[in-house]
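Each residue of the sequence shown is one higher than the last, beginning at 388 in the working numbering.
Glycine residues also receive a C-beta, built at the ideal position from the N, C-alpha and C atoms.
The structure presented is a predicted model; accordingly, all values stated were derived computationally and were not measured.
For reference, the structure is listed below as structure tokens.
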Amino acid sequence: METNFQNPPREAGVRCWWWWLNSNVTKEAITRDLEEMHKKGFSGAMIFDAGTELRWGPDENPPNGPQFGGPEWTELYLHALQEAKRLGLKIGLSIQSGWNLGGPRVTLDDTAKQITWSEIQIKGGQTVNETLPTPKSNYDYYRDISVLAWPTKTSGAIQDATRQPIRDLTAKSGAKELGGSAPDCRFLLDDFPSVEGEEDARLDDIVDIGSHLDEHGVLTWEAPDGDWTVMRIGYTPTTAHVATSSDNWKGHVLDYLSKESFLRYWHDVVDPLLQVAGPMAGTVLTQLETDSWECGGMNWSPGFAEDFERYNGYDPIRYLPIVAGKIIEDRRASNAFLADLRKTIAHCVSENHYKTFAEQAAR
Numbered sequence: 388m389e390t391n392f393q394n395p396p397r398e399a400g401v402r403c404w405w406w407w408l409n410s411n412v413t414k415e416a417i418t419r420d421l422e423e424m425h426k427k428g429f430s431g432a433m434i435f436d437a438g439t440e441l442r443w444g445p446d447e448n449p450p451n452g453p454q455f456g457g458p459e460w461t462e463l464y465l466h467a468l469q470e471a472k473r474l475g476l477k478i479g480l481s482i483q484s485g486w487n488l489g490g491p492r493v494t495l496d497d498t499a500k501q502i503t504w505s506e507i508q509i510k511g512g513q514t515v516n517e518t519l520p521t522p523k524s525n526y527d528y529y530r531d532i533s534v535l536a537w538p539t540k541t542s543g544a545i546q547d548a549t550r551q552p553i554r555d556l557t558a559k560s561g562a563k564e565l566g567g568s569a570p571d572c573r574f575l576l577d578d579f580p581s582v583e584g585e586e587d588a589r590l591d592d593i594v595d596i597g598s599h600l601d602e603h604g605v606l607t608w609e610a611p612d613g614d615w616t617v618m619r620i621g622y623t624p625t626t627a628h629v630a631t632s633s634d635n636w637k638g639h640v641l642d643y644l645s646k647e648s649f650l651r652y653w654h655d656v657v658d659p660l661l662q663v664a665g666p667m668a669g670t671v672l673t674q675l676e677t678d679s680w681e682c683g684g685m686n687w688s689p690g691f692a693e694d695f696e697r698y699n700g701y702d703p704i705r706y707l708p709i710v711a712g713k714i715i716e717d718r719r720a721s722n723a724f725l726a727d728l729r730k731t732i733a734h735c736v737s738e739n740h741y742k743t744f745a746e747q748a749a750r
């Protein structure tokens, strides 16, 4: 131990973040940096391509280099691996420019998504033929989840004007990012006291009529007698983008809840970089990294309903009006669903994103 302390072996050396700011690097600079790292006893470095807009003003930014993952950038990256091999150093790679995984090749189908809805009142006892309002959307992208209907409460109901809303709903529903330190999360479990009659509907009274909605948003339904609340529920992309990337890697954030979206990104962006590394992948290139979560909330994805039922043992669809602020069954049951929703989001991020990343990196 004393000998190793006096003369640490190369594998005990420190590693560093190796910032490729605005992708502005050259082969000569790469060689010089790595040789200096070697002289100082470093064991390796993590290539981290990123932008500078959060650090300096526009007049102080380095000029733009080649696009991350493009042919010129890949040639520089390959040179870095070859030089690291010559010097006995190990290299890691952040698999995007900047952070929040994503980029210019991420489509709206594969970007982060959130639940959205619209609501109307209809008279029953007749055949309803109604074009339902399209819920609020971003980028003119909207996809339906379902249409739900329930008898509108009249006598004895607590009116929305006087009823307390579900406390901290946007946080509880996963629509908002809870950033920073959270030593006390009890607010996610707290709410106002229940009041008899304040619920909007009992679960058994909610009817899933999504099969009666056509591709043009027209609902055709033999509505039973009475007044009905009809809610069209779907999802739309969030407005989250990659942060602090090189100028030519800006784009949508990836859907962190979807394994399929991650795999498409991997095959499109990461696989080519591993293939060009050849036998140096796993020997010189020994680490892959994705950095930071600064992409806001996201609470839906294709396949999320199935994941929810697998984790929690029940179908979430008839509970979704709770995300819109409705109280279903009672306040306690509504908060319990929101807790299950958040747990499912966490499971999906862990299993569909990071576990999939680890599995692909280990191949």
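Residues that residue i bridges to, as DSSP identifies them
i: A536; result: V594 and V617
i: H639; result: G490 and H628
i: A588; result: I715
i: E609; result: T514
Residue j beta carbon less than 8 Å from that of residue i
i: K730; j: Y698; result: yes
i: I434; j: G489; result: no
i: G485; j: A630; result: yes
i: N409; j: D634; result: yes
i: G597; j: T503; result: no
i: W460; j: A536; result: no
i: D492; j: D694; result: The sequence given here has Arg at residue 492, not Asp. Contact: no.
i: D779; j: L590; result: Nothing in the structure corresponds to residue 779, since the chain is present only between 388 and 750.
i: G613; j: P538; result: yes
i: I507; j: V617; result: yes
i: V534; j: L606; result: yes
i: E389; j: L421; result: no
i: R473; j: A432; result: no
Residues near residue i by beta carbon distance below 7 Å, same chain, minus five either side
i: G604; result: T518, L519 and T521
i: Q747; result: W653
i: R397; result: S430 and G475
i: W406; result: F435 and A437
i: A544; result: The pLDDT assigned to A544 is 49, lower than 50, so where the model puts this residue is not dependable, and the model offers no usable value.
i: I732; result: G561, L644 and N686
i: S721; result: I553, I709, I714 and I715
i: D578; result: I553, R554, R718 and N722
i: F574; result: D555
Closest residue to residue i among the options (Cα-Cα distance)
i: R718; options: L556, K427, T503 and G475; result: L556
i: A723; options: D496, Y701, E738 and V582; result: Y701
i: S645; options: D614, T743 and A558; result: T743
i: A745; options: G690, E693, Q674 and T541; result: Q674
i: E447; options: P453, Q454 and T439; result: T439
i: R550; options: Y529, S533 and V582; result: V582
i: H771; options: D592, P450 and L641; result: Here the chain has residues from 388 to 750 only, and residue 771 is not among them.
i: D727; options: E696, A749, E738 and A711; result: E696
Residue span of the beta strand (DSSP E) that contains residue i, given as start and end
i: L480; result: K477 to S481
i: S688; result: Neither: S688 is in no beta strand (DSSP E) and is coded neither H nor E.
i: C735; result: Counting along the chain, C735 falls outside any beta strand (DSSP E), though it belongs to the alpha helix (DSSP H) covering R718 to C735.
i: Q751; result: Because residue 751 is not part of the residues shown, which for the chain are 388 to 750, the question remains open.
Beta-carbon proximity list for residue i, same chain, < 6 Å, skipping 5 on both sides
i: L463; result: V412
i: D587; result: K713 and I714
i: G834; result: With the chain covering 388 to 750 only, the question about residue 834 has no answer from this structure.
i: S505; result: P520, P522 and R619
Element boundaries [alpha helix (DSSP H), containing residue i]
i: M424; result: K414 to K426
i: W407; result: Not the alpha helix (DSSP H): W407 falls in the beta strand (DSSP E), residues R402 to L408.
Same chain only: Cβ atoms within 8 Å of residue i, ignoring 5 sequence neighbours per side
i: N525; result: T623, P624, T625 and T626
i: Y529; result: T503, T521, P522, G621, Y622 and T623
i: F455; result: S410, D436, Q483, S484, G490, S632, S633, N635 and W636
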